Structures are given as structure tokens and as C-alpha cells.
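As C-alpha cells, the structure follows; a few thoughts come after it.
If you want it as C-alpha cells, here you go:
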């Protein structure tokens with residue numbers, strides 16, 4: 272499948288409001304371990320010429336029934352028996368998987384949260400809920416595509432009979448304390464650290480005990496041992512709690528989460544989620560060609576009757592940057608990038624890429640268009656999108672709690688307690704986020720003594736669009 276068609280699938284899913292993220296080409300494993308943070312209704316990752324598979328996060332908005340045919344177990348037959356027995360209505364939004372199975376998408380009713388399960392509601396019938404994901408339509412495994420069965424339809428709300436069945440299946444398994452795989456691996460620790468950076472902190476008087484339990488249970492499912500979980504939560508996550516837990520108090524919360532969990536330790540790692548999935552068994556990982564590797568960071572951009580070569584990279588502050596080269600300068604810069612062919616001759620990778628018909632090229636030149644993050648089919652877009660994912664599925668009060676320190680600084684320090692000025696400033700910043708392509712009609716001037724926190728305002732707001740934020744004066 273060409274990249275334009277893959278991008279259309281990603282955009283269609285994003286337009287439906289699904290949270291999508293990148294999956295490695297020809298695989299079912301996320302590109303990065305922070306896929307939960309990346310997942311959003313944003314298809315910009317598929318607009319830059321890279322050919323990722325598409326992951327779709329499940330749980331809060333959508334729940335997927337995953338029907339498999341494996342090892343002599345007929346998931347389709349078992350699912351049909353369930354539907355007939357309980358009167359379950361199938362959602363029309365369905366996807367055929369490369370192995371011949373099906374993904375049935377349901378909208379999650381408000382207030383309903385379901386976890387992940389494997390062959391619990393019926394043999395060969397899995398549930399992908401909170402913290403899980405599926406490989407979305409438009410993706411491919413060994414050139415076989417995940418196909419939408421009926422186009423132009425939307426999921427329906429999950430029926431109560433199916434919800435009750437899924438909730439009943441969440442009773443504790445006999446082997447709940449037996450790890451699914453190895454604990455405390457480098458990847459598991461990295462995933463848990465990424466999660467703890469955005470996990471809700473405990474607030475006294477606002478369900479703090481339950482929050483600490485839920486966070487520990489989530490870390491447990493990510494393949495982290497009890498002791499390591501306690502050590503990790505005692506770090507920056509605990510420092511955000513109001514008030515912070517003592518070591519003894521938090522140890523009790525973590526111990527309870529590990530003692531009273533219903534799922535097995537490590538049940539939510541990507542490897543565990545797809546361990547029994549026939550079309551997710553290890554595939555022969557295709558090695559990228561030299562041209563494909565160059566396409567990951569370089570592109571030819573036509574400018575008038577000439578062209579430039581743009582190379583993306585990240586600087587020491589992890590900000591996206593672009594280098595521009597003429598042809599000769601590009602080859603000089605890449606002189607060390609070569610290979611020896613079968614005849615023993617030295618070949619230049621950059622020159623091979625330049626003459627390849629599969630080279631990434633933008634014929635429409637450069638643009639800076641915040642209406643669409645990432646580069647489109649014809650233009651190289653310098654706008655890279657927002658760096659952070661919005662606090663979705665949260666009430667305004669809960670969202671404010673996530674930003675309390677910054678909001679108090681704006682209101683009490685910057686605005687001196689003036690509520691009218693405070694609301695104006697919030698609206699100004701909201702305009703920057705909601706309409707980044709529109710220049711505001713006013714500019715903000717902050718006057719104060721050194722050390723009062725003036726630069727903090729713009730550091731926080733600027734970092735929302737970290738890759739396109741520039742400090743022009745100090």
C-alpha cells in the first residue's frame with residue numbers, strides 16, 4: 272500500500288475521533304514505548320512520508336471485541352453462540368484481520384470502563400479495553416491488509432448484556448500473581464516511567480487513596496515488580512501528590528494493588544496482549560532499504576525551478592529541527608554514508624537515494640500551516656503540531672487539578688489576583704491553542720523584578736508547541 276492511501280486511513284480514523292498512534296511497519300508493536308501518550312486523534316505522523324502501521328487505543332471511548340481462529344478454537348462459532356444466547360447486537364463497524372479473524376468496534380457508554388481479557392468471555396474471543404490497543408484498518412502484515420468490512424458505518428454503543436458479560440469475566444484469575452513474562456525489563460521500565468509522568472496524582476479529599484491504588488495497579492500490569500513499582504512511584508509522581516505520601520503509606524497502597532489485582536502481572540505489555548493472537552505471532556521483520564532509511568529523515572523539496580534537500584533532526588533540547596542543503600553540500604555532508612556492493616565497489620547512499628523513484632519528494636515547496644500538522648502530499652510543512660496530548664475525557668475540575676500550580680501562578684503572581692485579567696489571559700492562551708494559525712490582535716508584556724517567574728509563563732505555554740517555539744529575547 273502506498274503512503275498516500277495509508278494516510279487516508281489514518282485521517283479517516285482520526286476524523287472519527289479515534290486515538291491513533293504509530294506501529295512499526297509490518298508488525299503489531301508500537302514504534303515507541305510511550306504510545307499511550309502519543310495516541311490522539313491526529314494523523315500527522317502519516318503525513319511525512321513514513322509508512323507506519325496504525326495502532327488504535329481502546330478503553331475510554333471505544334472497546335473492541337477481537338475474534339480469533341486459532342489452535343482448533345473456533346472463535347467465530349463461540350461468539351455467535353454468545354450473541355444468540357444473550358441477544359447481543361453486533362456493531363456494524365468491523366474489521367477483517369489478516370488471519371481471517373474480526374475486530375468488532377463498540378463505543379463505550381459514558382461511565383463504563385472495561386479492561387482487557389483473553390478468551391474469558393468465550394474461547395477465542397478477546398476484549399480490548401482500558402490500556403489496550405488493536406491494529407487498525409489500513410495496516411498490513413506481510414502485504415495482507417486489515418480491511419473494513421462495511422464502509423460508511425459507525426460503531427454502536429456497547430449493549431448492556433455484553434458489558435455485564437465483560438465485567439463478570441474480570442473476576443480474579445487463579446494465576447493472577449504469576450507474571451505473564453519477565454518483569455522489570457528495560458522496555459517495561461521505560462513504559463512505566465512514561466505513564467507515571469502523566470498519571471493522575473493523589474489529592475487529599477479527592478479520592479487520593481483510590482488514585483494511588485489505581486496507579487500502582489496500572490504499573491503492575493505494565494510488567495513491574497512490587498518493589499520496583501514502589502521505588503518508581505516514590506519519585507516524581509509522589510512529589511506531585513498533595514500532600515505527598517510517606518514511604519510507609521505508599522508501600523501499603525502498592526502492596527494492596529499487587530495483592531488484590533484481578534489480572535496477571537504484566538498483562539498489559541504489548542507482548543502479553545498479543546501473545547495468543549495468531550496474526551501477531553513474530554513476523555519476519557523486513558529490513559528497511561537504504562532509500563527507506565533516508566526517507567525517514569530526508570526529503571527533496573521543489574522550490575520554483577530548483578530544489579533543496581531538507582533533513583529533519585532533533586537538537587540537544589529534543590526539539591525538531593530542519594537542515595537545508597543544496598545537492599553538492601548534501602553529498603559532502605553524507606560522504607561517510609556509503610556501502611560496498613557485490614563487486615567490491617564503494618557506493619554513495621545519498622547519491623543512490625537522489626536518483627531513486629521512491630525518494631521522498633514534495634513538489635509544492637515549503638509551508639507553515641498549523642491547520643494540519645506534518646507534511647502533506649505536496650508540501651513540506653514546518654509546523655510539527657503540539658508536543659503534549661490534551662487532557663481528554665476529564666471534567667473541567669479534574670483538568671484544572673492537573674494544572675493547579677501554573678494556574679495559581681498566573682492568577683496570584685502574574686495577574687495579582689485580578690480575576691478579570693486572569694480570565695482574559697487564559698482566553699488569550701486558549702486562542703493560541705485552538706487557532707494557532709490566527710495571529711492574536713494583542714501582545715502580552717510582563718513587567719516585574721528578576722526571579723518573579725515572568726519567563727515561566729512563556730516556557731510553559733511555548734512548550735505546548737515545543738518544536739515550533741522560539742525565544743527571541745531574554
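In the working numbering, the protein residues as written are 272 to 745.
Just so you know, even glycine gets a beta-carbon here, dropped at the ideal spot from N, CA and C.
Treat the numbers as computed from the prediction; the structure is a model and nothing was measured.
Beta-bridge partners assigned by DSSP to residue 592: 584.
Of the residues 525, 275, 570, 710, the one whose Cα lies closest to the Cα of residue 410 is 275. Between residue 485 and the set 471, 317, 347, the nearest pair of CA atoms involves 471. Taking a 10 Å sphere around the C-beta of residue 384, we find fewer than 16 other C-beta atoms and assign the residue as exposed.
A contact between stretches requires three or more CB pairs, one per stretch, nearer than 8 Å, and the stretch 411-430 meets this requirement with the stretch 365-379. Counting C-beta pairs closer than 8 Å gives fewer than three between the stretch 391-408 and the stretch 354-365, which falls short of the contact rule.
For residue 324, DSSP records a beta bridge to 294.
The Cβ-Cβ distance between residue 338 and residue 396 falls below 7 Å. Pairing residue 494 with residue 459 gives a Cβ-Cβ distance under 7 Å. Within its own chain, the residues whose Cβ lies closer than 6 Å to the Cβ of residue 380, once the five positions on either side in sequence are excluded, are 428, listed in chain order. The three-state reading of DSSP puts residue 435 in helix, counting H, G and I together.
Residue pairing from DSSP places residue 619 in a beta bridge opposite 609. Residue 490 and residue 336 have their alpha carbons spaced roughly 24 Å apart.
Exclusion of the five residues before and after residue 505 leaves 518, 521 as the residues of its chain whose Cβ lies within less than 7 Å of its Cβ. Assignment of beta-bridge partners to residue 651 by DSSP yields 637. In this structure, the straight-line span from the alpha carbon of residue 685 to that of residue 277 is close to 46 Å. Below 8 Å, enough C-beta pairs join the stretch 298-317 and the stretch 277-287 to call them touching: three or more. Around the beta carbon of residue 559, fewer than 16 other beta carbons sit within 10 angstroms, so the residue counts as exposed.
Linking residue 715 to residue 511 through their CA atoms gives a straight-line distance of about 30 Å.
Taken in chain order, the whole alpha helix (DSSP H) runs of length 4 or more contained in the stretch 454-528 are 457-469, 479-492, 497-503. For residue 374, DSSP records a beta bridge to 337, 366.
Excluding residues up to 5 positions away in sequence, 693, 696, 697, 728 lie with their Cβ nearer than 8 Å to the Cβ of residue 681 in the same chain. The criterion of a C-beta distance shorter than 7 Å is not satisfied by residue 566 and residue 618. The distance from the Cβ of residue 475 to that of residue 513 is about 6 Å, consistent with a contact at the 8 Å cut-off.
One alpha carbon belongs to residue 595, the other to residue 605, and they sit about 13 Å apart. The Cβ atoms of residue 487 and residue 523 lie no closer than 7 Å to each other.
For residue 572, the enclosing beta strand (DSSP E) stretches over residues 569-574. Under the criterion of beta carbons closer than 8 Å, residue 581 and residue 677 do not qualify as touching, at roughly 35 Å. Ranking 726, 508, 703 by CA distance to the CA of residue 735 puts 703 first. Under a 10 Å Cβ-count criterion, residue 529 is classified as buried, with 16 or more other Cβ atoms of the shown protein chains found around its own Cβ. In the DSSP assignment, residue 579 is bridged to 572. For residue 348, the uninterrupted alpha helix (DSSP H) run begins and ends at 346-357, by DSSP.
With respect to the C-alpha of residue 502, the residue from 473, 687, 467 having the closest C-alpha is 467.
Bridge partners of residue 404 according to DSSP: 328.
Three or more beta-carbon pairs drawn from the stretch 325-333 and the stretch 293-309 are found closer than 8 Å, and the two stretches are therefore classed as touching.
DSSP places residue 393 outside any alpha helix (DSSP H); the residue lies instead in the beta strand (DSSP E), whose first and last residues are 388-393.
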